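Read the structure below first, then the notes.
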Amino acid sequence: MKILKWILPALCLLIVSCKDNKTLLSPDRSILTSIEINHKGQLMYQVMKGDEVLIQSSSLGFELKEHGLITDGLTLLNKERREVNETWTAVWGPTKKNINHYNEAKLELQHESSQLKFNVIFRVFNDGVAFCYEYPNQDGFDELVIMDELSKFALVGNPKCWWTEADYDSYEKLYHETPLSEAKWVNTPVTMRTNSGLHITLHEAALTNYSGMTLKLKDHKKKNTYVSSLVPWADNTKVKIKTGTKSPWRTITIATNAARLVESNMIVNLNEPCKLDDTSWIKPMKYMGIWWGMHIGTETWVEGDRHGATTENAMRYIDYASENGIDALVIEGWNAGWDKWGAKDAFDHVTPASDYDLKKVATYAQVKGVELIIHHETGGDAIGYEALIDSAYALCQSLGIKALKTGYAGGIYPQGEHHHGQYMVQHYQKVVETAAKYRIMINAHEPIKPTGKRRTWPNMMTREGVRGMEWNAWSDGNPPSHTVTIPFTRMMGGPVDYTPGTFDVLLENFADERIAWNTDDISQTRVHTTLAKQLALFVILYSPMQMASDVLDNYIDHPAFNFIKDANIDYDETKVLNGSVGEYITTARRSGDDWLIGSATNEEARTIEIKLDFLTEETQYEATIYADGKDANWLNKPSDFTISKLNVMHGDKLKLNLTAGGGQAISIKRISQ
């Protein structure tokens, strides 16, 4: 159902006009955005939540190669406003029913000296504010080369900030927790908490044919002001577009607390509706992989004595997946080219390795009811991948393979381009559209950041774009606080393929077989959680393609694997029950009548009480609780855990005892009546 209303009366709640000054309210009237053109002809905006100013008066504009700064000398030609209130259903979760309700103001502007016409569109939701630049078709302006975008976010005070340093080629960083004044140049999403406790995330939505945005901090008139800084092309220009297009949305998500921040769906709502007529082939799935062994050094991607992707090993994994409720299997190192890593056109996405029978494995997986996820590593060679993409995807389709994991681990070819620049944004878009043509789902690693495109292209299932599980195998690892920071930061953009589910957290089961491939010393490497937290992260770190990341042998006859085995990850609804950035979070997700709950903490032990008021009233459920052992913590006895059961109903309270670096996972199933 969609309701679209154009609001025309001058005294409506949507906009109160005073010459060129506008006030745009959220539907619930809790967020106010004022917009004006000042005496210099600059477009300015300000954002308030209740009585608190969050963004002080900030200017918008950009710089063109041929026409210089488009920041002042602006004239308002026309203004339009409307209210949109629609409900749409997502192909997959984390919440399938989405309410998209906002008030919009569209300002049609002209730059005095260049005569360029452009529009700025503001939307105000109950959970934030967004704006974008629109470049309509017009005589004399067929193409635009943008040298800089100059959108400003003048923040109030010096709030606490969670951020990673800007990097044109990687999001795989640990988060810093500092005052805003120390967060000088950051990737987005970047999250902050004001002195009053309000939470704000700055990001972007609907990144399709533009450069990715970073933010640089400027001390302008003693204000902490972020200015947009776009990732450049090799020739140092930023964006090359034709008129008739628009920029991504610049987003300011606002919430009264951290839990409500995570529940926001503004980013995905800012994307266009689904472009696919038939989505019946798109399904969430749990998957295993011939993958972790390569990272811990017991197997290799390259053919030889330790090669993981052999026909025999693949069939062994398929047997286990089929018998234990795992939907799919990803196999890395199956194809030719791994011995040529770093060379142009190194990877062959059609020819199997000599000890891997692709057709035999694919046929066997179909017989066993297991989806095969084929892996396409490119080493960053985007040109080489595009040359093979149709033949490689056609091969997948002919073998009944419906999902791909792509990888871009390396410098981008053509040389000089960046992972997060416009060239690669266009490349990633081509990949997902081509995949849709062949009815293939995508899990992208070393990707462009998520910006809600899953609404438009629901076969864009998940992506990495985070310092994930693999870093625990060959580095100093990810501290316990990292995984309880991700939901409030990186995941504000969308699903994350962090790959939780490792049970051998001390990496001791195959210690004698390990070799070091990325470091001189692997003796201290380990996963920095308890086993119970690994189960909790299976729920907390949402992905519609969710991995059980450990090697097969660590799951065989392990009682904790029953949580993963029984989990239905095709979620209908998500509730964040509590949370504090970098400290703890508890997330509940519903599939049909049943719920999964994951709760996790940082290096500090804590007790959390939750109320089961989201369960259906007058209905009995059985809760199976996977908890940290009495004496366990992430440093000592991290693999100790307990399993208990109890009957629960709507309104019951549970006390969750989380050990340091630990967590708790709960499966709640309706009891048939």
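Converting from the sequence shown to this note's numbering requires adding 2 to each position, the first position being numbered 1.
Cβ coordinates follow ideal geometry from the N, Cα and C atoms, glycine included.
Quick caveat, the model's predicted, so the values are computed rather than measured.
When you compare only the Cα positions, how much space is there between residue i and residue j?
{"i": "residue 580", "j": "residue 200", "result": "15 Å"}
{"i": "residue 564", "j": "residue 593", "result": "17 Å"}
{"i": "residue 660", "j": "residue 256", "result": "29 Å"}
{"i": "residue 336", "j": "residue 258", "result": "48 Å"}
{"i": "residue 13", "j": "residue 132", "result": "With a pLDDT of 32 at residue 13, under the threshold of 50, the predicted position of this residue should be treated as unreliable, though the coordinate-derived value follows. In a straight line, the C-alpha of residue 13 is about 23 Å away from that of residue 132."}
{"i": "residue 488", "j": "residue 284", "result": "26 Å"}
{"i": "residue 30", "j": "residue 575", "result": "23 Å"}
{"i": "residue 394", "j": "residue 351", "result": "6 Å"}
{"i": "residue 319", "j": "residue 598", "result": "26 Å"}
{"i": "residue 69", "j": "residue 441", "result": "44 Å"}
{"i": "residue 43", "j": "residue 125", "result": "22 Å"}
{"i": "residue 178", "j": "residue 584", "result": "10 Å"}
{"i": "residue 227", "j": "residue 148", "result": "21 Å"}
{"i": "residue 526", "j": "residue 513", "result": "11 Å"}
{"i": "residue 529", "j": "residue 106", "result": "47 Å"}
{"i": "residue 165", "j": "residue 611", "result": "29 Å"}
{"i": "residue 340", "j": "residue 332", "result": "16 Å"}
{"i": "residue 39", "j": "residue 135", "result": "16 Å"}
{"i": "residue 237", "j": "residue 374", "result": "41 Å"}
{"i": "residue 137", "j": "residue 81", "result": "15 Å"}
{"i": "residue 229", "j": "residue 168", "result": "13 Å"}
{"i": "residue 20", "j": "residue 36", "result": "For residue 20, the pLDDT reaches just 37, beneath the cut-off of 50, and the residue's location in the model is therefore unreliable, although a value from the coordinates is still provided. Rounded to the nearest angstrom, the two C-alpha atoms are 11 Å apart."}
{"i": "residue 159", "j": "residue 52", "result": "17 Å"}
{"i": "residue 301", "j": "residue 555", "result": "13 Å"}
{"i": "residue 280", "j": "residue 628", "result": "39 Å"}
{"i": "residue 536", "j": "residue 503", "result": "5 Å"}
{"i": "residue 674", "j": "residue 646", "result": "20 Å"}
{"i": "residue 276", "j": "residue 95", "result": "14 Å"}
{"i": "residue 663", "j": "residue 180", "result": "21 Å"}
{"i": "residue 144", "j": "residue 112", "result": "16 Å"}
{"i": "residue 329", "j": "residue 247", "result": "40 Å"}
{"i": "residue 671", "j": "residue 93", "result": "23 Å"}
Within the same chain, show all residues whose beta-carbon is closer than 7 Å to that of residue i, passing over the 5 residues directly before and after it, in chain order.
{"i": "residue 59", "result": "46, 48, 156"}
{"i": "residue 468", "result": "173, 174, 488, 492, 498, 500"}
{"i": "residue 474", "result": "480, 527, 528, 529, 530"}
{"i": "residue 123", "result": "106, 108, 133, 134, 136"}
List the endpoints of the continuous beta strand (DSSP E) containing residue i.
{"i": "residue 35", "result": "33-39"}
{"i": "residue 494", "result": "Element bounds for residue 494: n/a, residue is neither H nor E."}
{"i": "residue 636", "result": "That residue, residue 636, is in no beta strand (DSSP E); it is neither H nor E in DSSP."}
{"i": "residue 209", "result": "Premise fails: residue 209 is in no beta strand (DSSP E) and is neither H nor E."}
{"i": "residue 582", "result": "575-582"}
{"i": "residue 187", "result": "187-189"}
In terms of residues, what are the limits of the alpha helix (DSSP H) holding residue i?
{"i": "residue 165", "result": "No alpha helix (DSSP H) contains residue 165, which is instead part of the beta strand (DSSP E) from 162-165."}
{"i": "residue 541", "result": "533-542"}
{"i": "residue 505", "result": "Element bounds for residue 505: n/a, residue is neither H nor E."}
{"i": "residue 341", "result": "Run containing residue 341: none; DSSP gives neither H nor E here."}
{"i": "residue 566", "result": "563-568"}
{"i": "residue 197", "result": "It is not in any alpha helix (DSSP H) - residue 197 carries neither H nor E in the DSSP assignment."}
{"i": "residue 484", "result": "482-485"}
Go through its chain and collect everything with a Cβ distance to residue i's Cβ below 6 Å, but skip five positions before and after it.
{"i": "residue 386", "result": "347"}
{"i": "residue 613", "result": "655"}
{"i": "residue 71", "result": "65"}
{"i": "residue 195", "result": "161, 162, 201"}
{"i": "residue 97", "result": "575, 576"}
{"i": "residue 102", "result": "88, 271"}
Is there a Cβ of chain C sitting closer than 7 Å to that of residue i, yes or no?
{"i": "residue 362", "result": "Among the chains in the structure shown there is no chain C, since it carries only a single protein chain."}
Just to confirm my understanding: we take residue i, look at its own chain, exclude 5 residues before and 5 after, and list those with CB closer than 8 Å. What are they?
{"i": "residue 657", "result": "609, 610, 611"}
{"i": "residue 516", "result": "298, 299, 300, 509, 524"}
{"i": "residue 505", "result": "533, 536, 552, 556, 557, 560, 562, 563, 641"}
Any heavy atom of the ligand COA closer than 6 Å to the beta-carbon of residue i?
{"i": "residue 379", "result": "Within the structure as shown, the ligand COA is missing, as the structure has no ligands at all."}
Answer yes if the stretch 558-575 comes into contact with the stretch 660-673, meaning at least three C-beta pairs across the two stretches below 8 Å, and no otherwise.
-> yes
**Q.** At least three beta-carbon pairs within less than 8 Å, the stretch 601-609 to the stretch 477-493
**A.** yes
Inside the stretch 250-331 only - alpha helix (DSSP H) runs reaching at least 4 residues = 260-265, 268-271, 294-298, 313-325
Suppose only complete runs of 3+ residues qualify. What are the beta strand (DSSP E) ranges in the stretch 85-171, listed by chain order? 99-113, 119-127, 130-137, 145-151, 154-157, 162-165
task: Counting only runs of 3+ residues fully inside the stretch 356-424, write out the beta strand (DSSP E) ranges in chain order.
output: 373-379, 405-409
Worksheet item: Should the stretch 204-215 be regarded as contacting the stretch 262-277, the criterion being three or more beta carbon pairs within less than 8 Å?
Response: yes
If contact is defined by three or more beta carbon pairs under 8 Å, each pair taking one atom from either stretch, is the stretch 318-333 in contact with the stretch 530-544?
no
Exercise. Count the C-beta pairs between the stretch 305-316 and the stretch 357-366 that are closer than 8 Å, then say yes if the count reaches three, no if not.
Key: yes
Quiz item: Mind pulling the beta strand (DSSP E) runs of 3 or more residues that sit fully within the stretch 645-671?
Solution: 655-660
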